[in-house]
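The numbering used here applies: residue 171 is where the sequence shown begins, and numbers increase by one.
Everything on this sheet refers to the single structure shown next.
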Amino acid sequence: MSRTNNLRPHAHVHPLPGLRPRSLSGPLTSSTFFDYGFHYSTKLRAHSSCINALALSSNGGRFLASGGDDLDVHLWDFHQEDINKPCHTLVGPRNNIFCLEFSCSNQFLFAGGTDTIVHQYDVSRLEIGPLSKLPMKMVPEHDTIRDVTCSPFRDEVFLSGSENGRIIQHDARLSFSPNVRTADIIQLTAEVTSVQFHPTVENLFITSDSNSNVCLRDTRMAFGPRKSRSNEGIVRTFHTTIARRNIGTMSRPEPSSVAFDREGKKLAITSLHYYPTIYSLSDTYPIAICTGNSVARSPSQRTYSNSCTMKVKHGCFGGPDPMISDDDYYLGGSDDFCGYLWKIPPVEQLMAQREEIPAHEWRLEGSNIVGFTENADSSKFIPTELSTPSAVLKGHNSIVNTGLIHPQFPLVLTAGIESTITLHSPFPSCPFSRQLSLTPQEVRQLPSSTTPEEARVIDSLLLGVEPAFRETADEAEMDTIRLFDRILRMEGGADPFEVLPWVQTSEDVDDSSSDTSMV
């Protein structure tokens with residue numbers, strides 16, 4: 171029997187209701203696997219607390235880096251026959267890890283988080299020998315580091331973004347100094363929530379901040395001598411303000427992460443209290459929003475939401491080998507204890523489906539339609555709703571915060587509040603794991619009210635003491651899950667127009683009229 175036939179999904183596995191797979195009668199391709207679903211899974215166990223960050227190595231994704239609240243950075247090798255433990259563990263961070271990134275040819279691995287330091291590790295010998303557990307360099311910042319992004323062309327060049335509003339350009343080839351040159355800093359007036367280099371254009375990068383500004387920038391205009399700078403490097407500002415027809419206020423959901431697709435033609439924004447939103451890089455208004463509304467079979471059934479862990483919510487694009495298929499997917503974690511994978515139609519199709527409503531017509535109707543706008547007097551743009559995900563990834567008992575789509579294997583990774591990484595596959599076995607199990611389709615239900623165990627955990631935290639000692643790691647993890655159950659009941663499913671209302675002022679109109687769009 172051929173290897174391809176061995177990889178056929180088992181006949182007894184059925185897709186979720188409403189999710190119909192492509193016919194499997196023809197030859198199987200990685201695109202077919204994505205359409206069929208990811209019904210098998212296994213867990214990677216090494217962490218002892220929440221996992222906030224995942225990163226795959228460049229040029230094929232052989233290695234996975236993971237980090238979170240236990241301060242360890244674990245490295246996993248997908249070339250192992252059975253990936254049941256890390257191949258290396260790195261140390262150094264003194265507080266929660268929020269971001270990890272490999273350099274373009276895997277010379278370095280960078281880690282950042284709430285200890286306000288970028289830790290730079292030498293991983294150049296990762297494939298052939300032992301590594302130093304300690305960072306080769308520590309670059310101090312003055313506040314929590316929310317994101318680190320590496321140049322796609324130069325190992326030594328990276329950007330960091332932190333909650334003090336600073337975006338810093340670093341070059342590891344220069345002699346180390348604790349004092350960053352002014353020429354290498356952009357100082358924003360709000361917390362930086364994400365920064366990402368464009369994957370194919372050397373000088374472009376995208377940023378987001380806590381004031382809901384998402385901007386495409388050019389390093390040649392953003393950094394360097396004052397005389398060469400212009401408009402903080404901004405070449406395009408994407409509109410993130412939303413309006414609802416039946417109310418007078420608008421809302422500006424705060425972005426927690428931004429992500430490019432592999433060609434850099436699309437952009438996705440993950441925002442607090444709203445849906446993942448897809449943009450074409452050539453247009454300032456969105457072309458799609460990703461929801462799970464078609465999966466929910468009743469109004470009370472939970473579906474995609476993002477209200478509780480915005481600082482560590484990360485999404486990503488990915489899909490089958492581009493040499494085989496042009497299909498593109500977006501992956502996001504959700505507060506309903508699932509990961510969601512959406513197939514993203516071509517940009518041209520989404521642009522044609524988007525609706526534009528002039529401002530005077532918008533005011534005439536009282537429906538609940540939500541549109542994106544520049545300001546109250548501008549047209550409203552209604553992007554296509556992608557309401558049926560290709561796959562809903564289960565197997566978690568609490569919030570899913572981050573995920574990755576492997577660039578070579580039909581494999582999706584998800585992680586979050588729990589201390590394990592879940593590997594999702596269409597098959598019961600794969601080259602790096604001897605046996606995967608069918609993923610349970612029953613999702614743990616959020617308790618409708620406080621349980622005695624949950625009350626005990628909350629009372630301990632309110633008194634400023636650690637919860638009682640737990641004999642096993644599973645018991646300690648359940649305490650963490652109970653804490654987030656309480657947060658979900660308090661904050662989950664919030665309406666952005668109620669919790670993040672925004673009323674336009676004359677100053678806002680002046681600011682929007684001066685936005686540039688030069689690309």
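Backbone N, C-alpha and C fix where the C-beta goes; we use that ideal spot for every residue, glycine too.
Residues that residue i bridges to, as DSSP identifies them
i	result
Glu-526	Phe-551
Val-362	Asp-379
Tyr-449	Leu-437 and Pro-456
Pro-425	Ser-441
Arg-387	Phe-375 and Ile-404
Lys-513	Tyr-499
Ser-595	Tyr-210
Pro-671	Ser-421
Tyr-291	Leu-279
Asp-247	Phe-233
His-258	Leu-245
Val-570	Gly-586
Thr-473	Answer by DSSP bridge pairing: none, since Thr-473 is not bridged.
Residue nearest to residue i in terms of C-alpha spacing, selected from the options
i	options	result
Pro-446	Phe-579, Lys-213, Pro-263 and Thr-554	Thr-554
Tyr-499	Thr-543, Ile-439, Phe-551 and Ile-575	Ile-575
Asp-506	Phe-430, Ser-607 and Val-613	Val-613
Gly-207	Leu-670, Asp-655, Gln-615 and Ser-595	Ser-595
His-566	Asp-205, Phe-203, Lys-213 and Phe-204	Lys-213
His-443	Leu-296, Leu-670 and Asn-571	Leu-670
Leu-437	Gly-462, Lys-397 and Cys-385	Cys-385
Glu-668	Cys-508, Asp-292 and Ile-417	Ile-417
Cys-508	Pro-490, Gly-462, Ile-552 and His-409	Gly-462
Asp-242	His-209, Tyr-291 and Thr-359	Tyr-291
Gln-578	Ser-227, Ile-376 and Asp-205	Ser-227
Gly-394	Asn-373, Ile-628, Phe-408 and Thr-410	Asn-373
Val-465	Ala-561, Lys-255, His-409 and Pro-423	Ala-561
Lys-255	Phe-278, Asp-240, Asn-222 and His-217	His-217
Glu-526	Tyr-455, Leu-511 and Gly-662	Tyr-455
Ser-275	Asp-325, Trp-246 and Asn-265	Asp-325
Leu-608	His-209, Asp-205, Glu-661 and Phe-204	His-209
Gln-357	Thr-410, Ala-625, Pro-598 and Ala-392	Ala-392
Asn-545	Trp-672, Thr-650, Met-660 and Phe-367	Trp-672
Glu-311	Phe-602, Val-327 and Thr-284	Thr-284
Asp-388	Ser-380, Ser-382, Arg-399 and Gly-663	Arg-399
Met-306	Ala-342, Arg-264 and Ile-253	Ala-342
Arg-604	Asp-239, Asp-252, Asn-229 and Asp-240	Asp-252
Asp-240	Gln-250, Trp-246, Asp-629 and Phe-268	Phe-268
Val-309	Ile-298, Asn-383 and His-340	His-340
Ile-404	Ser-380, Ser-382, Asn-381 and Phe-375	Phe-375
Phe-602	Thr-352, Glu-624, Met-480 and Gln-250	Gln-250
Ile-439	Lys-550, Met-660, Gly-503 and Gly-335	Gly-503
Glu-402	Glu-433, Val-570 and Ala-353	Ala-353
Val-371	Ser-330, Asn-265 and Arg-390	Arg-390
Ala-529	Gly-541, Arg-432 and Asp-547	Asp-547
Any C-beta of chain D under 8 Å from that of residue i
i	result
Phe-487	The structure shown contains no chain D; it is built from a single protein chain.
C-beta atoms of residue i and residue j nearer than 8 Å
i	j	result
Ser-441	Pro-425	yes
Gly-237	Ala-281	yes
Leu-270	Phe-248	no
Pro-369	Phe-430	yes
Ser-211	Leu-593	yes
Ile-587	Cys-257	no
Ile-694	Cys-478	Residue coverage of the chain in this structure runs from 171 to 689, which leaves residue 694 outside it and unanswerable.
Pro-666	Ile-412	yes
Glu-333	Val-362	yes
Ile-315	Val-293	no
Val-517	Lys-397	no
Ile-337	Thr-286	no
Leu-224	Thr-590	no
Lys-303	Thr-259	yes
Arg-415	Ile-539	yes
Lys-513	Asp-491	no
Thr-407	Arg-422	no
Ser-475	Gly-663	yes
Asp-644	Val-627	no
Leu-511	Leu-563	yes
Distance cut-off 7 Å: residue i Cβ against heavy atoms of the ligand ZN
i	result
His-576	Within the structure as shown, the ligand ZN is missing, as the structure has no ligands at all.
Mind the definition here: the stretch 347 to 356 touches the stretch 315 to 325 only if three or more C-beta pairs lie below 8 Å; say whether that holds. They do not touch, by the three-pair rule.
Do three or more CB pairs link the stretch 578 to 596 to the stretch 516 to 528 at distances below 8 Å? no
May I ask you to verify whether the stretch 614 to 629 touches the stretch 529 to 548, counting CB pairs closer than 8 Å and requiring at least 3? Cβ pair count under 8 Å is below three, so no.
What ranges does the beta strand (DSSP E) occupy inside the stretch 306 to 358, keeping only unbroken runs of at least 3 residues that lie completely in it? Those beta strand (DSSP E) runs which fall completely within the stretch 306 to 358 and span 3+ residues are 307 to 310, 315 to 320, 327 to 332, 336 to 341 and 355 to 357.
Threshold first: 3 residues or longer. Then list the beta strand (DSSP E) segments lying entirely within the stretch 579 to 631, N to C. 582 to 586 and 590 to 595
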